[in-house]
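Trainee: So the mapping is simple: the working numbering equals the position in the sequence shown, first residue as 1, plus 113. For each residue, glycine too, the CB sits at the ideal point set by N, CA and C. These numbers were taken from a predicted model, which means no experiment stands behind them. Before anything else, here's the structure in question.
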Amino acid sequence: MSTIIHQRFPKKRKEASDASDLPDHNKKRRTDQHPPQKAALIGPHEAIVIELQRAHHVATLSIISSTSIRQRVEHATAHLVADAPAKPHLILLYAKTAAQVCKLITVVERCKRTLTDRGKSWYQYNQLFDVPAAVVEPEVVDETVIEGDSAESDAEAFETMASRINKAVTPLTPPRSIKSLRVYLATKSVPELAGKPSITVQTNDEGVV
Numbered sequence: 114m115s116t117i118i119h120q121r122f123p124k125k126r127k128e129a130s131d132a133s134d135l136p137d138h139n140k141k142r143r144t145d146q147h148p149p150q151k152a153a154l155i156g157p158h159e160a161i162v163i164e165l166q167r168a169h170h171v172a173t174l175s176i177i178s179s180t181s182i183r184q185r186v187e188h189a190t191a192h193l194v195a196d197a198p199a200k201p202h203l204i205l206l207y208a209k210t211a212a213q214v215c216k217l218i219t220v221v222e223r224c225k226r227t228l229t230d231r232g233k234s235w236y237q238y239n240q241l242f243d244v245p246a247a248v249v250e251p252e253v254v255d256e257t258v259i260e261g262d263s264a265e266s267d268a269e270a271f272e273t274m275a276s277r278i279n280k281a282v283t284p285l286t287p288p289r290s291i292k293s294l295r296v297y298l299a300t301k302s303v304p305e306l307a308g309k310p311s312i313t314v315q316t317n318d319e320g321v322v
């Protein structure tokens, strides 16, 4: 007698609903969840930038060890020569550390040369600013207690505890203030900067004394 074998096939799983079939109002876009935020201004420059933004279109460029001089010159001059129907353009360049001041000066000089070659006037405003350094803790070395004579161990333990107490009560060294340089460049005079006693002014405008 022939035997009939019934072969069972796995049931086809129900396909999950495609997210694209959901109504639009149920979809959440990443851009809506995380809207772009304006980058925070660096502390030492925030107050002066806010003041200048009332009458100028201000851009800031930092100078660090890895900064490309050519790119900084291109970005700065492009900002300064761009059409400014509402507010005149102004650029703030600053060295993040005192060690980068020489590179900052190189960028500024090349910017001025480019502006002069294009027949533009330039106004340079130089100002020192404070760069807060990290707080340095006083160096206190704890002594290690080694097992030995009881009296000697007690004395060493006392010395170790004394050094810990000394570390706890010794005040931290106050933050030091290190100077660095920032330079404002513009193609027109900036009265808000010219009137500050801490700022020196340079220009190629022969009409300015």
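Could I get the ranges of all uninterrupted alpha helix (DSSP H) runs contained in the stretch 178 to 245, with 4 residues as the minimum, in chain order?
Mentor: Those alpha helix (DSSP H) runs which fall completely within the stretch 178 to 245 and span 4+ residues are 182 to 194, 214 to 230.
Trainee: Does the beta-carbon distance from residue 206 to residue 314 come in below 8 Å?
Mentor: One-based indexing of the sequence shown puts residue 206 at position 93. One-based indexing of the sequence shown puts residue 314 at position 201. No, the Cβ-Cβ distance between residue 206 and residue 314 is not below 8 Å.
Trainee: From residue 234 to residue 292, what does the alpha carbon distance come to, in whole angstroms?
Mentor: The count along the sequence shown starts at 1 and reaches residue 234 at position 121. The count along the sequence shown starts at 1 and reaches residue 292 at position 179. Taking the straight line joining both Cα atoms gives about 29 Å.
Trainee: What first and last residue would you give for the beta strand (DSSP E) that runs through residue 285?
Mentor: Sequence index remark: in the sequence shown, residue 285 carries index 172 (1-based). Careful: residue 285 lies outside any beta strand (DSSP E) and carries neither H nor E.
Trainee: Rounded to the nearest angstrom, how far is the Cβ of residue 336 from that of residue 236, given a contact under 8 Å?
Mentor: Past the edges of the chain, shown from 114 to 322, lies residue 336, and the structure says nothing about it.
Trainee: Which one of 181, 199, 203, 316 has the shortest CA to CA distance from residue 191?
Mentor: The residue given as residue 191 occupies position 78 in the sequence shown. Answer by Cα proximity: 203.
Trainee: Grab the span of the beta strand (DSSP E) containing residue 296 for me, first residue to last.
Mentor: Counting from one through the sequence shown, the residue named residue 296 turns up at place 183. From DSSP, the beta strand (DSSP E) with residue 296 extends over 290 to 299.
Trainee: Would residue 189 and residue 174 qualify as a contact pair, given that the criterion is a beta-carbon distance under 8 Å?
Mentor: Working through the sequence shown from its first residue, we reach residue 189 at position 76. Working through the sequence shown from its first residue, we reach residue 174 at position 61. Yes, they are a contact pair.
Trainee: Given a cut-off of 8 Å, decide if residue 219 and residue 182 are closer than it, judged by their beta-carbon atoms.
Mentor: In the sequence shown, the residue the question calls residue 182 occupies position 69. In the sequence shown, the residue the question calls residue 219 occupies position 106. For residue 182 and residue 219, yes; Cβs fall inside 8 Å.
Trainee: Once DSSP output is grouped into helix, strand and coil, what is the label at residue 175?
Mentor: Within the sequence shown, the letter at position 62 stands for residue 175. Residue state, collapsed to three classes: strand.
Trainee: Could you check the C-alpha separation between residue 193 and residue 241 for me, to the nearest Å?
Mentor: To locate residue 193, count along the sequence shown from 1; it is residue 80. To locate residue 241, count along the sequence shown from 1; it is residue 128. Each residue's Cα considered, the two are about 22 Å apart.
Trainee: So, helix, strand or coil for residue 306, using DSSP?
Mentor: Counted from its first residue, the sequence shown places residue 306 at position 193. Helix.
Trainee: Which class does residue 169 belong to by DSSP, given the choice of helix, strand or coil?
Mentor: One-based indexing of the sequence shown puts residue 169 at position 56. Coil.
Trainee: Which residue's Cα is closest to the Cα of residue 217: 225, 224, 208, 223?
Mentor: As a first step, residue 217 is located in the sequence shown; it is residue number 104 there, counting from the start. Checked all of 225, 224, 208, 223; the closest Cα to residue 217 is 208.
Trainee: Can you tell which of 201, 299, 156 has the C-alpha that lies nearest to the C-alpha of residue 224?
Mentor: The residue you call residue 224 lines up with position 111 of the sequence shown. Residue 299 is the option with its Cα nearest to residue 224.
Trainee: Work out the CA separation of residue 308 and residue 200 for me, nearest whole Å.
Mentor: Taking the sequence shown and counting its residues from 1, one reaches residue 200 at position 87. Taking the sequence shown and counting its residues from 1, one reaches residue 308 at position 195. Each residue's Cα considered, the two are about 20 Å apart.
Trainee: Under a Cβ-count criterion, where at least 16 other Cβ atoms within 10 Å of its own Cβ denotes burial, should residue 319 be classed as buried or exposed?
Mentor: Position 206 of the sequence shown, counting from 1, holds the residue named residue 319. Residue 319 is exposed by the Cβ-count criterion.
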